[in-house]
């Protein structure tokens, strides 16, 4: 997955979570879970994927 594809994937998940009323503070955690499920892999919280997800949401958080 390219960086642009990853960002698009995160953006789509964020839109879905917003529509479902998921609080912003829970969205990175839900995104990690969704990534693990969708791509059939476990995501260690110290992994580059988890760090990228947390960073993406941190940069876009309004809280």
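Numbering (my numbering), first residue to last: 1 to 63.
Each residue gets a CB set at the ideal place from its N, CA and C atoms; glycine is no exception.
Quick caveat, the model's predicted, so the values are computed rather than measured.
Worksheet item: Would a C-beta distance cut-off of 9 Å place residue 28 and residue 9 closer than the cut-off?
Response: Cβ distance not < 9 Å, so residue 28 and residue 9 don't count as in contact.
Item to complete: Would you mind sorting residue 18 into buried or exposed? The rule is 16 or more other CB atoms within 10 Å of its CB.
Response: So residue 18 counts as exposed.
Worksheet item: When we look at the beta-carbon of residue 53 and count the other beta-carbons within 10 Å, is it buried (16 or more) or exposed?
Response: For residue 53, the number of other beta carbons within 10 angstroms of its own is at least 16, and it is reported as buried.
Worksheet item: Just to confirm, are residue 60 and residue 31 a CB contact at a threshold of 9 Å?
Response: The answer is no: Cβ separation not under 9 Å.
Worksheet item: With distances taken between CB atoms, is the gap from residue 62 to residue 24 smaller than 9 Å?
Response: Yes; because the gap between Cβ atoms is below 9 Å, this pair is in contact.
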